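Asker: Here it is, the structure in full.
Number of protein chains: 4
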Amino acid sequence: MTQEKTNSKWRHKLHEILYEADTPYGRVFNIGLFITIIASIIFVMLESIQSIDSQYHDFLNAAEWVITILFSLEYIARVITVKKPLKYIFSFFGVIDLLSTIPKYLSFFLVGGAHSLVALRALRLLRVFRILKLARYIGESTNLTRALKASRAKISVFILFVFILCVILGTIMYLIESGQDSGFTSIPRSVYWAIVTLTTVGYGDIAPVSALGQLISSFIMLMGYAILAVPTGIVSAEVVRMNKHNVHTNTQACPYCMEEKHRDDAEYCYSCGNKLNE
Amino acid sequence: MTQEKTNSKWRHKLHEILYEADTPYGRVFNIGLFITIIASIIFVMLESIQSIDSQYHDFLNAAEWVITILFSLEYIARVITVKKPLKYIFSFFGVIDLLSTIPKYLSFFLVGGAHSLVALRALRLLRVFRILKLARYIGESTNLTRALKASRAKISVFILFVFILCVILGTIMYLIESGQDSGFTSIPRSVYWAIVTLTTVGYGDIAPVSALGQLISSFIMLMGYAILAVPTGIVSAEVVRMNKHNVHTNTQACPYCMEEKHRDDAEYCYSCGNKLNE
Amino acid sequence: MTQEKTNSKWRHKLHEILYEADTPYGRVFNIGLFITIIASIIFVMLESIQSIDSQYHDFLNAAEWVITILFSLEYIARVITVKKPLKYIFSFFGVIDLLSTIPKYLSFFLVGGAHSLVALRALRLLRVFRILKLARYIGESTNLTRALKASRAKISVFILFVFILCVILGTIMYLIESGQDSGFTSIPRSVYWAIVTLTTVGYGDIAPVSALGQLISSFIMLMGYAILAVPTGIVSAEVVRMNKHNVHTNTQACPYCMEEKHRDDAEYCYSCGNKLNE
Amino acid sequence: MTQEKTNSKWRHKLHEILYEADTPYGRVFNIGLFITIIASIIFVMLESIQSIDSQYHDFLNAAEWVITILFSLEYIARVITVKKPLKYIFSFFGVIDLLSTIPKYLSFFLVGGAHSLVALRALRLLRVFRILKLARYIGESTNLTRALKASRAKISVFILFVFILCVILGTIMYLIESGQDSGFTSIPRSVYWAIVTLTTVGYGDIAPVSALGQLISSFIMLMGYAILAVPTGIVSAEVVRMNKHNVHTNTQACPYCMEEKHRDDAEYCYSCGNKLNE
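Protein chains in written order, with the UniProt record's numbering: chain A, 1 to 278; chain B, 1 to 278; chain C, 1 to 278; chain D, 1 to 278.
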């Protein structure tokens with residue numbers, strides 16, 4: 001029984017470190033985790049630069065093993081300490097945490113056989129997705145993620161709208177410019193040009209050279225710029241509106257029912273109706 | 001008489017499938033239509049890529065015939081089932097639906113004669129406008145189309161304003177850079193450059209090379225960026241204002257006059273004045 | 001005396017045509033003026049294209065004389081009919097209207113002497129400023145011009161702010177990239193690059209090639225993009241606020257004092273206090 | 001004692017000139033300072049252009065000494081006249097003012113020894129930071145600086161968000177395009193491309209060439225453009241909200257307690273409660 005109690009205590013302590021970022025140990029753990037993630041991403045990136053990889057291959061490989069083992073320990077610790085392990089395992093961060101560990105183990109087994117290099121490489125690059133572990137620091141509750149979720153439908157309509165526009169404009173430009181030596185060699189490439197232009201990226205790898213092509217693309221740019229202000233405005237308006245419905249809560253607790261998260265301007269508890277202390 | 005009744009029933013059923021996207025059959029039809037449109041666009045695009053067209057010409061031709069016949073059947077069905085066929089035929093979607101079918105038929109007749117290839121090609125590319133059939137899925141009633149319609153006047157003024165600015169700036173740059181080997185060979189090309197720059201597309205096919213040209217174009221970019229924030233803000237503000245006047249309606253029907261589309265906060269029917277049930 | 005009366009009547013008629021766009025004659029005149037301006041601009045542009053100028057020089061020269069005479073007549077008519085000629089002559093449109101006529105006359109005299117070609121060319125290009133005559137159709141009273149005037153101070157601060165940022169960022173990039181063969185040959189050019197980058201134009205004529213240069217310019221782009229959202233937001237907010245204070249006026253005239261421009265929701269005349277007719 | 005009084009008077013006068021821009025002498029001083037700063041920046045820039053530096057080296061050197069001495073005098077005067085010298089010295093402008101003088105003095109001593117040219121060059125370029133002295137004219141109290149400070153947290157989250165997105169998108173593009181001859185030679189370079197693309201700068205020095213690469217980057221541009229509207233909207237919304245809470249104050253002083261900065265609509269002094277004179 002004492003054994004169980006110690007165990008429970010130990011698990012409770014670990015849970016505090018892993019999940020509560022505002023306890024002293026939790027803060028230290030989070031800073032360590034943050035640095036490890038960043039280091040891990042930097043190592044994957046350096047590995048992709050041939051000159052660096054050929055010189056420091058052994059060091060990068062060793063560092064990768066250390067990081068993989070650290071992330072594995074973190075994953076196991078999280079599964080053990082959380083109250084509902086299955087819910088965590090199949091959650092967004094659960095999947096990301098698992099994906100952060102397996103590529104290196106799998107590459108170990110795959111090297112033995114005669115597997116294609118491309119698959120192996122894709123697997124190695126999967127480690128970059130560890131950067132999503134940083135998403136913990138953006139926080140689920142921030143305006144950004146909520147705004148993105150709320151505007152999902154509007155963004156889809158926006159993308160569909162721009163895409164339809166680009167297909168039509170790209171085809172028109174293909175008809176005009178395809179005789180010239182200007183990169184408009186097929187409709188898909190012309191649509192690619194239209195997307196590059198309407199989003200104002202403008203690489204310049206494909207650009208109209210004929211007078212008519214430049215005239216029409218001038219018109220496309222002007223119109224596109226003005227038209228795109230509308231959906232951008234819609235998304236902005238959505239965010240502004242969402243901000244308004246956003247009720248500011250304080251950390252005060254009701255003296256009668258201990259309920260928290262009262263509105264900043266609340267005078268009575270929203271839960272029990274008693275007067276809040278001022 | 002029973003004949004007529006069956007006929008009417010059959011037409012009603014077809015109408016439900018074609019026009020009511022929230023019935024089970026309607027949903028299946030819509031998914032099918034969506035896939036056919038996308039496939040059709042992809043085929044037109046692939047046909048424009050020489051290497052693919054030379055290899056799969058027969059397959060693409062056959063696929064095009066299948067799609068043309070499917071769209072023809074859809075068009076006929078829509079004309080038969082709709083209550084006011086003429087109104088549909090001359091509506092935006094009626095014209096688009098017709099245009100989606102005729103290019104292939106016309107190309108059949110034109111091939112017989114000795115027609116110019118350019119006309120034939122333009123005709124073939126007309127099939128790309130089928131993508132406008134996708135506009136059905138954006139919906140007439142969305143904020144996007146309404147906002148675009150409402151800001152039409154403002155967008156026109158905006159385009160005129162930027163165009164005037166670009167003509168003047170382009171001419172100034174032509175005066176400065178025309179001696180250099182930098183692409184500013186005529187005023188129209190310089191105006192094209194000004195439009196590419198002010199809309200922040202920036203291909204780089206034409207770029208100032210002289211010190212004075214770079215100085216002035218720096219100034220143009222800074223000023224242009226700041227100035228363009230104003231019309232963009234105006235369009236955004238228009239959208240925000242429009243959103244406010246946007247009354248949310250519900251699907252409730254008045255129990256007295258069966259009128260629908262009441263405001264969400266309505267207590268009395270806007271049509272007959274009787275109390276709505278809660 | 002009758003002579004004087006006829007004269008006055010004739011002047012009144014002319015004034016109506018020139019200044020009142022909503023009378024039948026005024027409308028016809030405005031459409032004609034609009035077309036003449038556009039034609040004039042197109043001719044100046046075509047003249048700058050060498051191949052076209054060498055072929056159609058005589059036609060373009062003749063057309064230019066016709067347009068110059070038309071604009072001269074318009075200018076004289078405006079000066080005669082307006083009540084305060086001096087006020088018109090020194091107003092924005094008065095100056096523009098005069099500038100639209102003189103270049104051709106001056107070029108006539110200058111050709112006689114041995115003047116530099118550059119001055120002559122600059123003079124010829126001055127004709128492009130005729131496009132400012134189009135500004136009449138944007139209208140003094142539109143939101144756009146008022147918003148631009150109201151945000152003038154904010155736009156100046158914005159430009160100063162971005163300029164300071166660009167000078168510092170350009171110098172840092174010059175320090176890093178100047179050894180490389182990447183176009184960062186002097187600080188002014190590096191500042192030019194910074195402006196091209198921060199305004200998201202991005203020609204690509206100057207682009208970092210060293211790893212450190214690309215790292216720092218990545219950071220500049222990210223930070224710049226996020227930071228520039230703030231002043232853009234300020235200008236937008238200014239426009240939104242201005243729109244709110246924007247009182248909609250109607251064309252109704254008070255039946256007692258004939259005062260115009262009453263608020264749309266006004267019940268009493270703001271000038272004499274009598275009830276307006278409904 | 002009279003000595004002390006004169007001294008105090010003289011210091012008071014100097015303080016007025018240096019710190020109070022709305023007194024006549026203060027205005028003259030500020031205009032002079034403004035011109036000196038701009039001249040100083042222009043000289044540093046010209047020095048970086050080899051052809052100009054080799055021709056006018058002696059003039060630029062002399063001008064630099066004059067400016068350095070002027071800025072030194074200004075610094076000393078500011079330290080003497082200000083009430084709390086230490087507070088000024090360690091303030092933002094105190095540090096900038098000091099940094100504006102030392103590079104030239106240091107270069108004088110460093111030239112004597114055998115110091116590396118790079119350090120010397122970096123030091124010389126430090127003089128560009130004098131442009132921050134212009135920040136005085138933007139003013140601490142403007143909306144811009146306050147808005148930037150208020151949105152600092154949001155801008156950080158925004159940068160982190162876009163960075164995570166760019167790392168993932170860059171890695172995906174590296175996997176697809178690395179075989180091609182298109183500049184995607186390593187993950188860091190691909191991430192650099194993703195940042196250049198998502199911020200819509202689009203140099204074109206790295207651009208996808210394979211069909212799949214162009215397809216995916218089209219998708220990245222469309223999605224990126226739509227997604228980035230959300231954080232931009234959030235920052236805008238923040239600015240709009242801040243503007244609302246912005247209380248306009250006037251320059252009126254309370255006749256009872258002399259307190260200033262009352263709200264524009266204040267009727268009673270916020271400090272002593274007495275009625276303000278109208």
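Built from N, CA and C at the ideal position, the CB exists for glycine as well. Just so you know, these numbers come straight off a predicted model, no measurement behind them.
Taking only beta carbons into account, state which residues of the region 15-28 of chain A come closer than 7 angstroms to chain D, listed in chain order.
Answerer: Residues: none.
Asker: Going by DSSP, what residue range makes up the alpha helix (DSSP H) through B/I89?
Answerer: Taken as a continuous stretch (DSSP letters only), the alpha helix (DSSP H) holding B/I89 covers 85-89.
Asker: What would DSSP say about C/E20, mapped onto helix, strand or coil?
Answerer: Coil, per DSSP.
Asker: Using the Cβ count rule (16 or more neighbours within 10 Å means buried), how would you classify D/K9?
Answerer: The residue in question, D/K9, is exposed, as its Cβ has fewer than 16 Cβ neighbours within 10 Å.
Asker: For the alpha helix (DSSP H) containing B/I131, name the first residue and the last one.
Answerer: Run containing B/I131: none; DSSP gives neither H nor E here.
Asker: Suppose contacts are defined by Cβ-Cβ distances below 8 angstroms. Is B/S40 in contact with B/R130 by that definition?
Answerer: Against a cut-off of 8 angstroms, the Cβ pair of B/R130 and B/S40 comes out as a contact.
Asker: CB-CB under 6 angstroms to D/L169, same chain, minus the five flanking residues each way: which ones, in chain order?
Answerer: Excluding residues within five positions, the ones whose Cβ falls inside 6 angstroms are A194, I220.
Asker: Among A/T101, A/Y75, A/S51, which one has its Cα closest to the Cα of A/I89?
Answerer: The candidate whose alpha carbon is nearest that of A/I89 is A/Y75.
Asker: Taking all protein chains shown into account, do 16 or more other C-beta atoms lie within 10 angstroms of the C-beta of B/L155, making it buried, or fewer, making it exposed?
Answerer: Sequence check: residue 155 of chain B is Ile here, not Leu. B/I155 should be labelled buried.
Asker: Compare the C-alpha of A/S107 against each of A/F163, A/N61, A/I42, A/I80 and name the closest.
Answerer: That would be A/N61, whose Cα lies nearest to the Cα of A/S107.
Asker: From what residue to what residue does the alpha helix (DSSP H) around B/V191 run?
Answerer: Unbroken alpha helix (DSSP H) run through B/V191: 187-198.
Asker: What does A/L160 touch in chain B if you count any residue whose Cβ is under 8 angstroms from its own?
Answerer: Going along chain B in sequence order, the residues near A/L160 (Cβ under 8 angstroms) are L134, Y137, I138.
Asker: Residues of chain B with CB under 8 angstroms from D/T200, in chain order?
Answerer: In chain order: T200.
Asker: D/M223 CB to nearest chain A CB: under 8 angstroms?
Answerer: Yes, contact with chain A.
Asker: Secondary structure at C/G183, three-state DSSP: helix, strand or coil?
Answerer: Three-state result, C/G183: coil.
Asker: Using beta-carbon positions only, say whether B/T23 and B/L70 come within less than 8 angstroms of one another.
Answerer: Their beta carbons are not under 8 angstroms apart, which means B/T23 does not touch B/L70 by this criterion.
Asker: Taking the alpha helix (DSSP H) that D/A62 belongs to, which residues open and close that run?
Answerer: First-last of the alpha helix (DSSP H) with D/A62: 50-81.
Asker: Since B/S156 is in the alpha helix (DSSP H), which residue starts that stretch and which ends it?
Answerer: Where B/S156 is concerned, the enclosing alpha helix (DSSP H) stretches over 152-177.
Asker: Run through chain C and tell me which residues come within less than 9 angstroms of B/S210, C-beta to C-beta.
Answerer: Chain C residues near B/S210: none, gap ~11 angstroms exceeds 9 angstroms.
Asker: Can you list, in chain order, the residues of its chain with a C-beta nearer than 8 angstroms to that of B/L98? Leave out the 5 residues immediately preceding and following it.
Answerer: Excluding residues within five positions, the ones whose Cβ falls inside 8 angstroms are Y75, I89.
Asker: Using the Cβ count rule (16 or more neighbours within 10 Å means buried), how would you classify A/L132?
Answerer: Classification for A/L132: buried.
Asker: Identify which residue in A/Y174, A/Y203, A/P103 has its Cα closest to the Cα of B/E47.
Answerer: For B/E47, the nearest C-alpha among the options comes from A/Y174.
Asker: Hey, quick one: how far does the alpha helix (DSSP H) through B/V95 stretch, first residue to last?
Answerer: 92-99 is the span of the alpha helix (DSSP H), which, as asked, contains B/V95.
Asker: Please state whether DSSP places A/A207 in a helix, a strand or coil.
Answerer: A/A207 falls in the coil class under three-state DSSP.
Asker: Run through DSSP, which three-state label would A/G213 get?
Answerer: Three-state result, A/G213: helix.
Asker: Strictly under 8 angstroms for the Cβ-Cβ distance: is C/P85 near chain D by that measure?
Answerer: Closer than 8 angstroms: no.
Asker: Interface residues of chain B around D/G204 at Cβ under 8 angstroms?
Answerer: Going along chain B in sequence order, the residues near D/G204 (Cβ under 8 angstroms) are Y203, G204.
Asker: Can you tell which of D/S182, D/Y225, D/I52, D/L212 has the C-alpha that lies nearest to the C-alpha of residue 293 of chain D?
Answerer: Absent from the model: residue 293 of chain D. The displayed extent of chain D is 1 to 278, so no value can be given.
Asker: Using 8 angstroms for Cβ pairs, my map puts B/V209 next to B/S182. What's the rounded Cβ distance?
Answerer: So it is a contact: roughly 4 angstroms between Cβ atoms.
Asker: Roughly how far, in whole angstroms, is the beta-carbon of D/L134 from the beta-carbon of C/I164, given that I think they are within contact range, below 8 angstroms?
Answerer: Yes, they are in contact, since the Cβ atoms of D/L134 and C/I164 sit about 6 angstroms apart, within 8 angstroms.
Asker: Check whether chain A comes within 8 angstroms of B/T232, counting only Cβ atoms and requiring the distance to be less than that.
Answerer: It does: the Cβ of B/T232 has a partner Cβ on chain A nearer than 8 angstroms.
Asker: By Cβ distance, which residues of its chain are closer than 7 angstroms to D/G202, with the 5 residues on each side in sequence left out?
Answerer: Excluding residues within five positions, the ones whose Cβ falls inside 7 angstroms are V196.
Asker: Does any residue of chain C bring its CB to less than 8 angstroms from the CB of D/S100?
Answerer: No, its Cβ sits nowhere closer than 8 angstroms to a Cβ of chain C.
Asker: So what does DSSP say about B/G202, is it helix, strand or coil?
Answerer: In the structure shown, B/G202 sits in coil (DSSP, three-state: anything other than H, G, I, E or B).
Asker: Within 8 angstroms of any Cβ in chain B, is that where the Cβ of A/I216 sits?
Answerer: No, A/I216 lies away from the interface with chain B (no Cβ there is under 8 angstroms from its Cβ).
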